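To keep things clear, I will list the structure first and then write my remarks on it.
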Amino acid sequence: MYVTNRQFDHKNNPLRWVLLFVAALILGACSSQQHSDLDAYVADVKQKTKGRIEPLPEVKTYESEVYDATELRDPFTPYEEEPSEELSVPGPVPDTNRKREALESFPLDSLAFVGNLEKGGTLWGLVQAPDDS
1 MYVTNRQFDH
11 KNNPLRWVLL
21 FVAALILGAC
31 SSQQHSDLDA
41 YVADVKQKTK
51 GRIEPLPEVK
61 TYESEVYDAT
71 ELRDPFTPYE
81 EEPSEELSVP
91 GPVPDTNRKR
101 EALESFPLDS
111 LAFVGNLEKG
121 GTLWGLVQAP
131 DDS
């Protein structure tokens, strides 16, 4: 046996025809099976699952409103309150001449609540100042 430089002819190859015949035989065998049990099951499921779909609710028609804001104040202009004639505020007024307490000299966010205690029915809060006093 020696190899020549001749092209191999694919069209007349007997192996090709055998493989084509085997593939057709396999595909034909798959399609010839009876699926009566599967058809019966599908028919049974379709018969059992008949449902009733509720009708869609009636859509209300939209009635538009005309928005007339020409009489109203423009929301983008600052609100100017009319000055009142009386400048005094009713009720208690803080005493600006009083002596300041010790914790009033610190900013509020620098104070820390440490705990509380009760003595003689009076509840006391313990606050720590930044200078540990």
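So the sequence shown is numbered by the numbering used here: it starts at 1 and just counts up by one. All C-beta atoms in this analysis are idealised placements derived from N, C-alpha and C, irrespective of residue type, glycine included. All values reported here derive from a predicted model rather than from experimental measurement.
Does the beta-carbon distance from residue i to residue j come in below 8 Å?
{"i": "A129", "j": "L103", "result": "yes"}
{"i": "L111", "j": "V93", "result": "no"}
If you draw a straight line from the C-alpha of residue i to the C-alpha of residue j, how long is it?
{"i": "F190", "j": "R100", "result": "The requested residue 190 does not occur in the structure, where the chain is confined to residues 1 to 133."}
{"i": "V18", "j": "A24", "result": "10 Å"}
{"i": "E54", "j": "V66", "result": "36 Å"}
{"i": "P57", "j": "G51", "result": "18 Å"}
{"i": "Y79", "j": "P90", "result": "24 Å"}
{"i": "T122", "j": "S105", "result": "25 Å"}
{"i": "G115", "j": "N97", "result": "31 Å"}
{"i": "V42", "j": "L20", "result": "35 Å"}
Starting from residue i, follow its DSSP beta bridges and name the residues at the other end.
{"i": "L117", "result": "W124"}
{"i": "A112", "result": "Q128"}
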